[in-house]
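Some notes on the structure that comes next.
Protein chains: 2
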Amino acid sequence: MKKHNYSAGPCILPQEVFEKSAQAILDFNNSGLSILEISHRSKDFVAVMDEARALVLELLNLEGKGYEVLFLGGGASLEFLMVPYNLMKVNGKAAYLDTGTWASGAIKEAKHFGETVVVASSKPENYNHIPKGYTIPSDADYFHCTSNNTIFGTQMKSFPETNIPLVCDMSSDIFSRVLDFSKFDLIYAGAQKNMGPAGATLVVVKTEILGKTGRTIPSMLDYQQHVSKESMYNTPPVFPVYASLLTLQWLKKLGGIAAIEKINDAKANLLYSEIDRNPLFKGTVAKEDRSNMNVTFLLNDEAHQEKFDSMWKAAGISGLAGHRSVGGYRASMYNALPLESVQVLVDVMQELEKNS
Amino acid sequence: MKKHNYSAGPCILPQEVFEKSAQAILDFNNSGLSILEISHRSKDFVAVMDEARALVLELLNLEGKGYEVLFLGGGASLEFLMVPYNLMKVNGKAAYLDTGTWASGAIKEAKHFGETVVVASSKPENYNHIPKGYTIPSDADYFHCTSNNTIFGTQMKSFPETNIPLVCDMSSDIFSRVLDFSKFDLIYAGAQKNMGPAGATLVVVKTEILGKTGRTIPSMLDYQQHVSKESMYNTPPVFPVYASLLTLQWLKKLGGIAAIEKINDAKANLLYSEIDRNPLFKGTVAKEDRSNMNVTFLLNDEAHQEKFDSMWKAAGISGLAGHRSVGGYRASMYNALPLESVQVLVDVMQELEKNS
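Top line first, the protein sequences correspond to chains U and X.
Oh and the first sequence: position 305 is 305 in UniProt numbering, straight run, nothing missing.
Oh and the second sequence: position 50 is 50 in UniProt numbering, straight run, nothing missing.
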């Protein structure tokens, strides 16, 4: 039986991505070769990389606006240091918003490169909201924020206006909602939520912000090197890029980000409504900052835990345990999770209420 | 028809790796989930990572000798800078042997971190041999070499004795021949030749050499961070690691490195004998330094090129074109290429001779 997969990432992908990528491992494009054994310089794979890069710009509505797309290895955590390496001037400074574990991880790495100003932090409240009303120093080299906080279940619903470059880690909500992406100068995201399997990292960068730091940068950490080689400076993670292309193609067919946003809103409304209605449950974060991707909630009475856990497992749900730093439950509802899976969870919550 | 795949990398892998990894994408371990959608913290994937790390030590005969194994993202090119970041002392120096394109790439990145001594280089002869008789400065922080040169078709048949840490890029011949791997303090290799598909990088490090530089190292570039988290500091490239495990399991079943070495020797003997015998062909590198992985050769008379190219293509051979910096032909014969594929190539070469 196929599971209702609420894993926080790596996470559920569209079924057709599984089927097509498995087929490509056995025989890619009727070439007599597996996608795993072809050269990354082969015509067939160059076409994959080119289409994936173009599709990202198309879906984000960034075509012709001065952006380049990279698919790198190493994970979003590598971007934590590549961003300051490439954007923080020698003797410069950077501004960061601290909204959770990954934001603070990015801050930690920036400190290796220069003055790192934390404009606001919700850490004292265990990151249960997004700070607001902060001031971004206008002489900083860039401002960095995290659009969605996977562990705590908060999401930025708006982004600050600023005259300095705006950098955003969108690892856990990219391609999930309509934004004016042209407000951002650099967006990065680990593939393993809404874009594909683990092993590739997306970077979308407005090239005019690069090359201004006065630093020498090792080649593999230099966005300009990767841009100049059209994301083929070294052997890219071939299979993760291919599976990402399949996921982007699925999204485009579905109607793009505007279409998936409606589905994501419907899923979030269904589950949050039940959390607010059902007397056995409560949410963990400020309502106005609730994430549509990661829904964190608790039982009001832990005595129901054993029963609830056995019920959702019996219903074919997996990956619902909360992160250890929050406890309780986390329902990650990435793009590929169908509304039907959310209904199954809500049904279990209502059944628990009836039987309690 | 399945091709005879001579690609220089990414390259041929065992057929059972294709079949098992395609199956795991549809349903991993009968879990009802794809290998692409499970958490890297799940019991099933932690078991994959643990087995892969243990199997590397077993195959290299390094168990209980103070080594740790990492599967990182980013590619071997990222190790070009991680090695000096982690091993070159502040105000220290490092020694490098320049045997080809990748060796010189490693040298270029080391220069970002301190004095980089090139002990010898075969660049003036277009890297057609491995330099010998050089002296390694005993006050360098480490000595770096490249065991096999994919582009030029040379291979180090012995390694220098030295009292400083010995670092080796074995990207294109790891797991292909028996060596005393305990002579090396740090070995790294991109997966995409003998270990698996592109997207993972193997690092095998004797931990006692780490933590001695006086540098602060960004977390993602710090081998000690990755070691302390058992290669799970961040989300690893899940699928490339899994396919690497399948490849390592295949090698173990076959009898390990000693068994594959015999097959690799037989393949190399078959092809080099034909190159030396057949008056239409010649090798491009010094005989004593010929690589068993990448066989580079030329037609003595370019007039035969069109005919030869159409003949090997008709025989189902792919990936035989030489690198642009050498020209001619390159037959990459990694572990998974069967002896039968080499016989097909030799037959074509003999047929060309008969018809010329």
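Just so you know, even glycine gets a beta-carbon here, dropped at the ideal spot from N, CA and C.
One or two residues paired with residue i in a DSSP bridge
| i | result |
| --- | --- |
| Arg324/U | Its beta-bridge partners do not exist; DSSP assigns none. |
| Gly283/X | Phe297/X |
| Asp98/U | Ser121/U |
| His144/X | Tyr96/X and Val167/X |
| His4/U | Ile317/U |
| Gln155/U | Asn148/U |
| Glu115/U | Lys93/U |
| Val203/U | Leu70/U and Tyr188/U |
| Ala331/U | Val295/U |
| Arg290/X | Thr154/X |
9 Å Cβ cutoff, residue i in contact with chain U
| i | result |
| --- | --- |
| His144/X | no |
| Asn234/X | yes |
| Gln249/X | no |
| Gly196/X | yes |
| Met311/X | no |
| Ala266/X | no |
| Ala22/X | yes |
| Gly105/X | yes |
| Ala331/X | no |
| Glu230/X | no |
| Ser318/X | yes |
| His112/X | yes |
| Pro237/X | yes |
| Gly190/X | yes |
| Ile260/X | no |
| Val48/X | no |
| Ser42/X | yes |
Whether residue i touches residue j by CB criterion (9 Å)
| i | j | result |
| --- | --- | --- |
| Leu270/U | Thr284/U | no |
| Ser138/X | Asn163/X | yes |
| Asp289/X | His129/X | yes |
| Pro160/U | Tyr142/U | no |
| Ser39/U | Pro10/X | yes |
| Leu13/X | Ala336/X | yes |
| Arg177/X | Ile257/X | yes |
| Met170/U | Ile187/U | yes |
| Val119/U | Leu97/U | yes |
| Ser219/U | Phe80/X | yes |
| Lys132/X | Gly114/X | no |
| Pro197/X | Ala191/X | yes |
| Lys206/U | Gly66/U | yes |
| Val342/U | Lys282/U | no |
| Leu248/U | Phe175/U | yes |
| Asn278/X | Glu353/X | yes |
| Phe18/X | Ile217/U | no |
| Lys307/U | Asn355/U | yes |
| Lys193/U | Met82/U | no |
| Pro240/U | Pro236/X | no |
Residue i at chain X interface by Cβ criterion, 9 Å
| i | result |
| --- | --- |
| Glu115/U | no |
| Leu72/U | yes |
| Gly32/U | yes |
| Lys89/U | no |
| Gln224/U | no |
| Pro160/U | no |
| Met220/U | yes |
| Ala52/U | no |
Residue i burial status per 10 Å Cβ neighbour count (16 or more: buried)
| i | result |
| --- | --- |
| residue 383/U | Here chain U has residues from 1 to 356 only, and residue 383/U is not among them. |
| Ser332/X | buried |
| Lys253/U | exposed |
| Asp185/X | buried |
| Asp276/X | exposed |
| Tyr6/X | buried |
| Lys3/U | buried |
| Glu63/X | exposed |
| Asn148/U | buried |
| Ile134/X | Here the sequence assigns Tyr to residue 134/X, which means Ile is not the residue at that position. It counts as exposed. |
| Asp173/X | buried |
| Gly211/U | exposed |
| Val90/X | exposed |
Contacts of residue i in chain B (Cβ-Cβ under 7 Å)
| i | result |
| --- | --- |
| Cys11/U | Absent from the structure is chain B; the protein chains it does hold are U and X. |
Practice problem: May I ask you to verify whether the region 102–110 of chain U touches the region 71–82 of chain U, counting CB pairs closer than 8 Å and requiring at least 3? | Solution: yes
Practice problem: Please confirm if the region 311–329 of chain U is in contact with the region 239–253 of chain U, defined as three or more CB-CB distances below 8 Å between the two stretches. | Solution: no
Practice problem: Would you check if there are 3 or more beta carbon pairs closer than 8 Å linking the region 197–216 of chain U to the region 47–62 of chain U? | Solution: yes
Quiz item: Looking at C-beta atoms only, is the number of pairs between the region 342–353 of chain U and the region 303–317 of chain X that lie closer than 8 Å three or more?
Solution: no
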